[in-house]
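Numbering (this note's numbering), first residue to last: 1 to 183.
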């Protein structure tokens with residue numbers, strides 16, 4: 001074993017440990033973040049093939065994965081457009097500038113929660129300016145069939161504020177029959 005291979009193995013171990021500590025720090029820092037899905041880091045040993053029968057120290061490598069199947073912290077709100085994904089999945093969003101340029105499918109982002117409000121143009125927008133994406137329902141209210149693993153057909157969700165306006169009632173006819181015991 002050369003001094004280089006022993007130093008390389010030691011440095012690989014230190015870098016891998018720093019990677020794991022970073023993952024732990026993220027989990028602690030975001031433990032009270034709404035909808036945060038924690039990450040987990042695994043260690044893997046590296047075995048190098050020695051050249052000509054020489055010994056090689058190998059090393060270690062870290063892989064981190066976001067555990068999207070787990071639930072984060074949730075809080076009930078009174079706003080009907082506050083959305084969180086429970087279990088496996090994420091919400092598709094895009095930037096407001098991508099909506100304006102109609103490049104929203106190219107600038108797709110994912111989030112676990114969103115406190116959405118309608119903006120001046122009716123788009124469901126988060127406080128950080130991200131616009132919620134979704135599939136548009138057909139005129140009869142049914143959903144079109146799209147593959148689950150594609151962004152095909154995703155559009156910015158826009159709510160028409162005048163969609164639910166009704167004509168006020170001006171006349172009512174009321175009739176009731178009281179039981180004889182209450183007369």
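No residue lacks a Cβ here, since even glycine has one placed at the ideal position from N, Cα and C. Note that this is a predicted model, so its numbers are computed, not measured.
| Query | Result |
| --- | --- |
| Let's test the definition: count the other Cβ atoms within 10 Å of the Cβ of residue 130 and tell me whether it reaches 16, buried, or not, exposed. | buried |
| In angstroms, rounded to a whole number, what distance separates the CA positions of residue 65 and residue 39? | 6 angstroms |
| Cα separation between residue 147 and residue 97? | 27 angstroms |
| Go through its chain and collect everything with a Cβ distance to residue 119's Cβ below 7 angstroms, but skip five positions before and after it. | 125 |
| What span of residues does the beta strand (DSSP E) with residue 97 cover, start to end? | Not the beta strand (DSSP E): residue 97 falls in the alpha helix (DSSP H), residues 96-100. |
| Measuring only the C-alpha atoms, how far is residue 20 from residue 62? | 7 angstroms |
| Let me know if residue 4 comes out buried or exposed under the rule of 16 or more other beta-carbons within 10 Å of its beta-carbon. | exposed |
| For residue 16, which of 149, 45, 82, 135 has the nearest alpha-carbon? | 45 |
| For the candidate residues 113, 109, 101, 22, whose alpha-carbon lies nearest to that of residue 87? | 113 |
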